[in-house]
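**Q**
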Amino acid sequence: MTASTQKQLRQGKIRRGVGSVLRHLVLAILAAVWLVPIVWLLVTSFSSYRGINITTFFPESYTLDNYIDVLFHPDSVAQFPQWFANTFVVACFNCVISTCFVLMVAYAFSCCRFKSRRLLQNLSVTVNLFPGVLAMIAVYFVLRYLNLTNSYAGLIMVYAGSSGLGYLICKGFFDTVPASLREAAKLDGASEARIFLQVVIPMSRPILVYTIINSFMMPWTDFVMAKMILNSGVSSDWTVAIGLYNMLSRTLVNNYFALFCAGGVLVSIPISVLFVIMQKFYVEGITSGADKG
1 MTASTQKQLR QGKIRRGVGS VLRHLVLAIL AAVWLVPIVW LLVTSFSSYR
51 GINITTFFPE SYTLDNYIDV LFHPDSVAQF PQWFANTFVV ACFNCVISTC
101 FVLMVAYAFS CCRFKSRRLL QNLSVTVNLF PGVLAMIAVY FVLRYLNLTN
151 SYAGLIMVYA GSSGLGYLIC KGFFDTVPAS LREAAKLDGA SEARIFLQVV
201 IPMSRPILVY TIINSFMMPW TDFVMAKMIL NSGVSSDWTV AIGLYNMLSR
251 TLVNNYFALF CAGGVLVSIP ISVLFVIMQK FYVEGITSGA DKG
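So the sequence shown is numbered by full-length UniProt numbering: it starts at 1 and just counts up by one.
Below you can see the structure in the form of structure tokens.
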């Protein structure tokens, strides 16, 4: 190996090393920017000062009283246990209904052949491109006409009604299921429902987990639709998002901001635990559905 070749190799290693350092530096800066608000929310939730402290990043003194008050001492403003229960009920119902809708629509488009199938797929994808808030006024007046405003049934209907439009990733995963298995089941006399439940679903655990988590997270984190429908002013009927937002009003924020931070941390725990447990299937569901769709 000549001296010039060795020099070129050393220069190449230096360039790669510098490039790697720069990439990691940029990623570290982005991670810090992303984590700073979360760390501030976490440390503020332990602050002994109930208002917003903008003089220091870390509280001067720490306490667990904010978590104790939020969980065990609800008042007329902070009714976190009731809000948590309301949100959990809505999220569970929506999780079951939306998951069924998404899986059935995805199976129909992936495994069934019928007239105008391609047209319906294109229309559903096109409709899904428009933000849901565009239909808020129309949805509200429909629910008002049906006397479903200020009811969890109306809220669940709004969340689950259009969930089938999010079938695309799930369909991509169903496309990877061998058609020969479905054809063999048909030859044995199985109906479409039996093929769907006993052949396709057992082989689609990753996308099933992905769909369940997405369906559960939608009502858990939503504020806009919940605020529009649950607008009676009765705080015990609110979801967590509405209740926590109410703590940030001008007249309450100086007394409830630390409680707001504690509630925000508590709300994130169920989703975080669910995601950590199901992370393997969640990532596999996304990648398989996106690659094969």
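We put the beta carbon where it would ideally sit given N, CA and C, even for glycine.
Everything numeric in this text was worked out from a predicted model, so none of it was measured.
Mapping DSSP to helix, strand and coil, what is Ser76?
**A** Ser76: coil per DSSP, three-state reduction.
**Q** At the level of alpha carbons, what is the spacing between Gly17 and Leu27?
**A** Those two C-alpha atoms are separated by around 15 Å.
**Q** On the DSSP letters alone, give me the boundaries of the alpha helix (DSSP H) that Thr221 sits inside.
**A** Where Thr221 is concerned, the enclosing alpha helix (DSSP H) stretches over Arg205 to Thr221.
**Q** In this structure, what does DSSP give as the bridge partners for Ser47?
**A** BP columns for Ser47 point to Tyr62.
**Q** Please report how far the alpha carbon of Tyr145 lies from the alpha carbon of Pro178, in whole angstroms.
**A** Near 47 Å, if we compare the C-alpha coordinates of Pro178 and Tyr145.
**Q** Is Leu252 helix, strand or coil when you go by DSSP?
**A** The answer is coil: DSSP assigns Leu252 none of H, G, I, E or B.
**Q** In terms of alpha-carbon separation, which member of Leu155, Gly19, Arg205 and Val77 lies closest to Val234?
**A** Selected option, being the one with the closest Cα: Val77.
**Q** Is Asp291 helix, strand or coil by DSSP?
**A** A caution first: Asp291 carries a pLDDT of 47, below 50, which makes its placement in the model unreliable, though a value can still be read off. Helix.
**Q** How would you label Phe260, buried or exposed, when you count the other beta carbons within 10 angstroms and need 16 or more for buried?
**A** It is buried - the Cβ of Phe260 has at least 16 other Cβ atoms within 10 Å.
**Q** Straight-line CA distance for Val70 to Gly263?
**A** Roughly 7 Å between the two C-alpha positions.
**Q** Using beta-carbon positions only, say whether Tyr49 and Phe109 come within less than 8 Å of one another.
**A** Cβ atoms of Tyr49 and Phe109: not closer than 8 Å.
**Q** By Cβ distance below 6 Å, which residues in the same chain neighbour Phe101 in space, the five residues on each side in sequence not counted?
**A** Closer than 6 Å at Cβ, skipping near neighbours: Ser163 and Gly164.
**Q** Among Ala258, Ser268 and Val240, which one has its Cα closest to the Cα of Ser45?
**A** Measuring from the Cα of Ser45, the nearest candidate turns out to be Ala258.
**Q** For the putative contact between Ala91 and Cys170, defined by C-beta atoms under 8 Å, what is the C-beta separation to the nearest angstrom?
**A** In fact, because the Cβ distance is near 19 Å, the residues do not count as touching under 8 Å.
**Q** Taking only the alpha-carbon atoms, compute the straight-line gap between Val267 and Lys13 and give it to the nearest angstrom.
**A** Val267 and Lys13: Cα-Cα distance of roughly 47 Å.
**Q** Go through the segment 94-148 residue by residue and report every complete run of the alpha helix (DSSP H) that reaches 4 residues or more, in order.
**A** Listed in chain order, they are 117-128 and 136-145.
**Q** Taking 8 Å as the CB-CB limit, is Tyr256 close to chain C?
**A** Going by chain labels, chain C is absent from the structure shown, which holds only one protein chain.
**Q** When we look at the beta-carbon of Pro206 and count the other beta-carbons within 10 Å, is it buried (16 or more) or exposed?
**A** Buried is the call here.
**Q** If you draw a straight line from the C-alpha of Gly19 to the C-alpha of Ala32, how long is it?
**A** Whole-angstrom Cα-Cα distance: 20 Å.
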